[in-house]
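A short write-up of the structure that comes next.
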Amino acid sequence: FVPWENSDHPPFIEFRNVTKKFGEFVAVRNLSLKIYEKEFFALLGGSGCGKTTLMRMLAGFETPTSGQIFLDGQDLAGIPPYRRPSNMMFQSYALFPHMNVEKNIAFGLKQDSMPAQDIEARVSEMLRLTKLEQFAQRKPHQLSGGQRQRVALARSLAKRPKVLLLDEPLGALDRKLREETQFELMNLQEELEMTFLIVTHDQEEAMTVADRIAVMDKGELVQVATPAEIYEAPNSKFVADFIGDVNLIEAKVTEKSDAGTRLVSVVDGFVIDSEQETEAGLGETVWYAIRPEKVRIAQGRREEGQVNQIDGLVWDIAYLGDVSCIHSKVGEDDHDTIRATFANISRMVENPITWDDEVVLSFDRDAGVILK
Ligand code: ATP
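Position in the sequence shown (first residue = 1) + 12 = UniProt numbering.
Here it is in structure tokens:
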């Protein structure tokens, strides 16, 4: 069951026409968004796009200039942060330095006057879930960054909020620990069957953890979709460029039919035959976005009259371990290059392509997307 594909399904969190201004500056512009129960949802965007502001409004640390925010059917207007059924974990974990791990986790529960026995049970459950049992008696300064991060997580989860808000939670961790922690977060979210909302500028992180991603730019949503949809079918040049690596080929529409669209590249005049229909008119300039792994590369020249084939000259090869990325020049300008990646396993068996080789780059009619 996929709730976002069913418009009758009630959302768990809803932003309805939310705008946030700081003075004259519009940080979030008339934004509407629905997030469903038990979703792991990511807000993704570059610095200053408004993603943190959006989350802070949900948490109650900022008030919308206009619009409404609902959580589990309740309008949040006027409800202070501590009375909202959400909890936010901050980037600076803000642990109490003089308290040990156990006491840090128990703190919020004590404040809520939970009976001591229940606190004990809840704390041990949290220690188990975050794999911190052996560190229960340590103080924050006796822990590594990753362990501190887990304490903060345990503390935010101890009260069983309906939603956990994570603001760049893994920013301070090194790459390997970050990746491990991403999987731990996913497991936790599944085990607790909670709704998680994460803010990140790291597209790989969003792709890894999230069921759905909202890509933001300048205070607006550009695309809201699953990681696969965002990657395979970006709805704009901005999203294609922001998520992963992409070749953006400027091209003019020359033919339109039910069977698809024909385009001619502005550089080098090669013909692109796409199965996709486009709203762009004949003669209009668009972008053809194609991922490097969808471009095949072989030594040789293109066949006369063939579509979806480009002549190139290899000018750079980047060996990246699992894959290699070959940059081929396809026009006069140094910027007119197309990148093709392939798994290095195939490089061992094929005639290796090297610098200054004449190559033909080719792709299938469903390989790329036409974007305005
Ligand atoms: P980052 O990843 O850099 O934190 P972000 O997408 O989370 O970026 P926000 O923190 O939401 O961005 O900020 C959006 C815009 O609103 C920024 O231009 C920021 O300078 C501005 N802004 C945020 N808070 C305030 C404030 N309290 N007063 C004035 N401007 C603010």
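We put the CB at the ideal spot given by N, CA and C, even for glycine.
> For the beta strand (DSSP E) that Gly-272 lies in, which residues bound it at each end?
Replying inline: 272-277
> Taking one C-beta from the region 71-79 and one from the region 87-97 each time, how about it: are there three or more such pairs within less than 8 angstroms?
Replying inline: yes
>> Assess contact between the region 180-189 and the region 30-48, defined as three or more Cβ pairs (one per stretch) separated by less than 8 angstroms. Is contact present?
In response: no
> Do the region 246-253 and the region 104-114 make contact, defined as three or more Cβ pairs closer than 8 angstroms?
Replying inline: Proximity of the region 246-253 to the region 104-114 falls short of the contact definition, fewer than three beta-carbon pairs being nearer than 8 angstroms.
> I think Gly-57 touches His-213, with their Cβ atoms under 8 angstroms apart; what is that distance to the nearest whole Å?
Replying inline: 7 angstroms
>> Quick check on this structure: which residue in Leu-197, Val-278, Gln-146 and Ser-269 has the alpha carbon closest to the alpha carbon of Leu-169?
In response: Of the candidates Leu-197, Val-278, Gln-146 and Ser-269, the one whose C-alpha sits nearest the C-alpha of Leu-169 is Leu-197.
> Taking the C-alpha atoms as reference points, what is the distance between Gly-343 and Ser-336?
Replying inline: 22 angstroms
>> Output needed for Leu-294: all residues of its chain with C-beta closer than 6 angstroms, excluding positions within five of it in sequence on either side, in chain order.
In response: Val-265
>> So for Val-14, helix, strand or coil by DSSP?
In response: coil
> When the Cα atoms are used, what is the spatial distance from Thr-31 to Leu-66?
Replying inline: Rounded to the nearest angstrom, the two C-alpha atoms are 9 angstroms apart.
> So, Gln-321 versus Val-278, is the Cβ gap smaller than 8 angstroms?
Replying inline: no
> From Met-101, Asp-270 and Ala-118, pick the residue whose C-alpha is nearest to that of Gln-288; which is it?
Replying inline: Asp-270
> What are the partner residues of Ile-210, as DSSP defines its beta bridges?
Replying inline: Beta-bridge pairing by DSSP links Ile-210 to Ala-54 and Leu-178.
> Do you know whose CA, among Arg-313, Phe-375, Asp-378 and Arg-190, lies nearest Asp-369's CA?
Replying inline: Of Arg-313, Phe-375, Asp-378 and Arg-190, the smallest CA-CA separation from Asp-369 is found for Arg-313.
>> Looking at the ligand ATP, does it come within less than 7 angstroms of Ser-269, judged from the CB to the closest heavy atom?
In response: Checking the Cβ of Ser-269 against the ligand ATP gives no.
> So what does DSSP say about Val-227, is it helix, strand or coil?
Replying inline: strand
> Taking DSSP as the reference, what is the three-state secondary structure of Thr-238?
Replying inline: coil
> Roughly how many angstroms lie between the CA atoms of Glu-114 and Asn-99, to the nearest whole one?
Replying inline: 19 angstroms
> Going by C-alpha distance, which of Ala-39, Arg-68, Pro-22 and Cys-61 is nearest Tyr-48?
Replying inline: Pro-22
>> Taking the beta carbon of Ser-340 as the centre, do at least 16 other beta carbons fall within 10 Å, making it buried, or is it exposed?
In response: buried
> To the nearest angstrom, how far is it from the Cα of Pro-97 to the Cα of Leu-83?
Replying inline: Those two C-alpha atoms are separated by around 8 angstroms.
> Taking contact to mean at least 3 C-beta pairs separated by less than 8 angstroms, is the region 146-155 in contact with the region 171-179?
Replying inline: no
> How about Ala-39: is its Cβ closer than 7 angstroms to a heavy atom in the ligand ATP?
Replying inline: yes
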